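J.: Heads up, the sequence shown is in the numbering used here, so the first residue is 1313 and it goes up one at a time.
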Amino acid sequence: MNKIIETTNLVKKYKKSKVVNQLNLSVEQGDIYGFLGPNGAGKTTTIRMLLGLIKPTSGDVRIFGKNLLENRISILSKVGSLVEYPSYYGNLTGYENLEAIHKLLRIKDKNQINEVLNIIGLTKAKDKLVKNYSLGMKQRLGIGLTLLNSPKLLILDEPTNGLDPAGIQEVRELIKGLPSSYGITVMISSHLLSEVDQMANKVGIINEGNLIFQDHIQELRKKSASKINIRVNDPNLAQTILNKEGWNVFLNENKEIVLNENEDSKIAYIADKLMRQQLAIYRIQEEKQSLEDIFLQITHKGGRVS
1313 MNKIIETTNL
1323 VKKYKKSKVV
1333 NQLNLSVEQG
1343 DIYGFLGPNG
1353 AGKTTTIRML
1363 LGLIKPTSGD
1373 VRIFGKNLLE
1383 NRISILSKVG
1393 SLVEYPSYYG
1403 NLTGYENLEA
1413 IHKLLRIKDK
1423 NQINEVLNII
1433 GLTKAKDKLV
1443 KNYSLGMKQR
1453 LGIGLTLLNS
1463 PKLLILDEPT
1473 NGLDPAGIQE
1483 VRELIKGLPS
1493 SYGITVMISS
1503 HLLSEVDQMA
1513 NKVGIINEGN
1523 LIFQDHIQEL
1533 RKKSASKINI
1543 RVNDPNLAQT
1553 ILNKEGWNVF
1563 LNENKEIVLN
1573 ENEDSKIAYI
1583 ADKLMRQQLA
1593 IYRIQEEKQS
1603 LEDIFLQITH
1613 KGGRVS
């Protein structure tokens, strides 16, 4: 796969504080890359460096395989971006807003406006004043403005922030279709893993300026695999019996046997084994961490995901 974004030991320092520290991002062609982190983790600072809005203190940014500092104009001509809230003219229609930017960009193909309206799903509302749009429609229009130059890369900073559930779904469905239908690679920042989980195929998690996880989202989902907690009358004896048989079990703070398995046949075997040893089983309970739980856990700890 071709790397669309690649950073090497990227650092941004303000006075003595490192807002971004030794960041090594890798976004491949066709990715929807979810860039996650708590508020203040360094997401927006990183995005501003990727867009050439601020200079890194040190490190390297390569987009489309080229150094950003040396090829800024040619690179950014193929990049669309929406940082924070979109700008639009409320007293103009959706079509007129797109037309204004179309003229500023000196795009010759007038049909591009209608194509963008179709992509963002606002063809039927193109003659409606933008001040009368819903929040979701306004955000889709904002994304539409970034698509007028037919970008190969789209960078969105918190695009669902402040939207109601209907607006979030509208924007989510729009973003999900961009790589497959239009060949656009997308990088989207957010502090909500639950939102990114429904869009992204790859995730990078930043905390206090450090990249603590970067991989396909399936790898993060594996960490949310369920555990089985078994409460018995003699937990220490139960642990000894199962460990001798090769089962990797431990006791939690409630003195329950914790089994990192969730197959019915294995649970049934262990329950039968313990009862044959004259142990009383009081409860067998499944405990499952959500992706959101894992995200909060690793960002609060501030460590790297193993």
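The beta carbon of each residue, even a glycine, is placed where N, CA and C say it ideally should be.
For clarity, every value in this text was computed on a predicted model and none was experimentally measured.
#1: Let's see if you can read the secondary structure: which residues bound the beta strand (DSSP E) around Ser1393?
#2: Count the other CB atoms within 10 Å of the CB of Gly1377; is the residue buried (16 or more) or exposed (fewer)?
#3: Taking the C-alpha atoms as reference points, what is the distance between Ile1500 and Glu1557?
#4: Mapping the DSSP letters down to three states, classify Phe1607 as helix, strand or coil.
#5: Whole alpha helix (DSSP H) runs in the segment 1432-1519 with 4 or more residues, listed along the chain?
#6: Given Pro1398, which residues of its chain have a CB within under 6 Å of its CB, disregarding the five upstream and five downstream residues?
#7: Under 8 Å between the Cβ atoms of Gly1433 and Leu1486?
#8: Ordered along the chain, which non-local residues of its own chain (more than five positions away) have a Cβ less than 6 Å from that of Arg1374?
#9: Using a 10 Å radius around the Cβ and a threshold of 16 neighbouring Cβ atoms, would you call Gly1615 buried or exposed?
#10: Quick check: what's the CA-CA separation for Val1561 versus Gln1590?
#11: Ordered along the chain, which non-local residues of its own chain (more than five positions away) have a Cβ less than 8 Å from that of Tyr1594?
#12: Rank Asn1513, Asn1574, Asn1564 and Asn1548 by C-alpha distance to the C-alpha of Lys1539 and give the top, closest one.
#13: Quick check on the DSSP output: the alpha helix (DSSP H) that includes Glu1531 runs from which residue to which?
#14: Between the C-alpha atoms of Ile1517 and His1503, what's the straight-line distance to the nearest angstrom?
#15: Which residues does DSSP pair with Ile1562 in a beta bridge?
#16: Answer yes or no: do Val1515 and Ile1496 have a C-beta to C-beta separation smaller than 8 Å?
#17: In whole angstroms, what is the alpha-carbon distance linking Leu1466 and Thr1458?
#18: Buried or exposed for Met1587, going by 16 or more other Cβ atoms inside 10 Å?
#19: Determine the direct distance from the alpha carbon of Asn1314 to that of Glu1340, and round the result to whole angstroms.
#20: Take the Cβ of Glu1604 as the centre, count every other Cβ of all protein chains shown within 10 Å, and call the residue buried at 16 or more, exposed below.
#21: So for Glu1662, helix, strand or coil by DSSP?
#22: If you draw a straight line from the alpha carbon of Leu1490 to that of Leu1363, how long is it in whole angstroms?
#23: Does the count of Cβ pairs from the segment 1333-1347 and the segment 1380-1397 closer than 8 Å reach three?
#24: Out of Gly1456, Lys1327, Asn1351 and Ile1316, which one is the CA nearest neighbour of His1619?
#25: Going by DSSP in three states, Thr1369 sits in which element: helix, strand or coil?
#26: Can you list, in chain order, the residues of its chain whose CB lies under 6 Å from that of Ala1353, leaving out five sequence neighbours each side?
#27: Tell me which residues share the same chain as Gly1402 and place their Cβ nearer than 6 Å to its Cβ, disregarding the 5 neighbours each side in the sequence.
T.: With the structure as the only source:
#1: Position 81 of the sequence shown, counted from the start, is the residue given in the question as residue 1393. Val1391 to Val1395 is the span of the beta strand (DSSP E), which, as asked, contains Ser1393.
#2: Residue 1377 sits at position 65 when you count from the first residue of the sequence shown. With fewer than 16 Cβ atoms within 10 Å of its Cβ, Gly1377 is classed as exposed.
#3: Against the sequence shown, residue 1500 aligns to sequence position 188. Against the sequence shown, residue 1557 aligns to sequence position 245. Approximately 47 Å between the Cα atoms of the pair.
#4: For the purposes of this step, residue 1607 is identified with residue 295 of the sequence shown, where counting begins at 1. Correct three-state label for Phe1607: helix.
#5: 1447-1459, 1477-1494 and 1505-1509
#6: As a working note, residue 1398 is residue 86 in the sequence shown. So the qualifying residues of the chain are Gly1454.
#7: If you number the sequence shown from 1, residue 1433 lands on position 121. If you number the sequence shown from 1, residue 1486 lands on position 174. In this structure, Leu1486 lies closer than 8 Å to Gly1433 by Cβ.
#8: The residue given as residue 1374 occupies position 62 in the sequence shown. Closer than 6 Å at Cβ, skipping near neighbours: Glu1318.
#9: Translated into positions along the sequence shown, residue 1615 becomes position 303. Residue confidence for Gly1615 is low, a pLDDT of 48 falling below 50, so the modelled location carries little weight; the figure read from the coordinates is stated next. So Gly1615 counts as exposed.
#10: Taking the first residue of the sequence shown as position 1, residue 1561 is located at position 249. Taking the first residue of the sequence shown as position 1, residue 1590 is located at position 278. About 19 Å.
#11: Indexing the sequence shown from 1 puts residue 1594 at position 282. Taken in chain order, the residues that qualify are Arg1543, Val1544 and Asn1545.
#12: The sequence position of residue 1539 within the sequence shown is 227, counting from 1. When only C-alpha atoms are compared, the closest one is Asn1574.
#13: Residue 1531 sits at position 219 when you count from the first residue of the sequence shown. Per DSSP, Glu1531 belongs to the alpha helix (DSSP H) from Ile1529 to Lys1534.
#14: The count along the sequence shown starts at 1 and reaches residue 1517 at position 205. The count along the sequence shown starts at 1 and reaches residue 1503 at position 191. Answer to the nearest angstrom: the Cα atoms are 9 Å apart.
#15: Within the sequence shown, residue 1562 is the residue found at index 250, counting from 1. First, the residue type needs correcting, since residue 1562 is Phe and not Ile in the sequence shown. In the DSSP output, where bridge partners are listed per residue, Phe1562 has Val1570.
#16: The residue you call residue 1515 lines up with position 203 of the sequence shown. The residue you call residue 1496 lines up with position 184 of the sequence shown. Taking a C-beta distance under 8 Å as the contact criterion, Val1515 and Ile1496 do not qualify as a contact pair.
#17: Locating residue 1466 in the sequence shown gives position 154, where the first residue counts as 1. Locating residue 1458 in the sequence shown gives position 146, where the first residue counts as 1. Rounded to whole angstroms, Leu1466 to Thr1458 spans 8 Å at the Cα level.
#18: Counting from one through the sequence shown, the residue named residue 1587 turns up at place 275. Met1587 sits exposed, since fewer than 16 C-beta atoms from the chains shown fall within 10 Å of its C-beta.
#19: For the purposes of this step, residue 1340 is identified with residue 28 of the sequence shown, where counting begins at 1. For the purposes of this step, residue 1314 is identified with residue 2 of the sequence shown, where counting begins at 1. Cα to Cα, Glu1340 sits roughly 6 Å from Asn1314.
#20: On the sequence shown, residue 1604 is found 292 positions in, with the first residue counted as 1. That one is exposed.
#21: An answer regarding residue 1662 cannot be provided, because it is not within the stretch 1313 to 1618 covered by the chain.
#22: In the sequence shown, counting from the first residue as 1, residue 1490 sits at position 178. In the sequence shown, counting from the first residue as 1, residue 1363 sits at position 51. Rounded to whole angstroms, Leu1490 and Leu1363 show a C-alpha spacing of 20 Å.
#23: Between the segment 1333-1347 and the segment 1380-1397, the count of Cβ pairs shorter than 8 Å is below three; the stretches do not touch.
#24: The question about residue 1619 has no answer, for the chain in this structure spans 1313 to 1618.
#25: By 1-based counting over the sequence shown, the position of residue 1369 is 57. It is coil, neither helix nor strand.
#26: As a first step, residue 1353 must be located in the sequence shown, where it is residue number 41. Ile1518 and Asn1519, listed in sequence order.
#27: Working through the sequence shown from its first residue, we reach residue 1402 at position 90. Same-chain partners within the cutoff: Val1442 and Lys1443.
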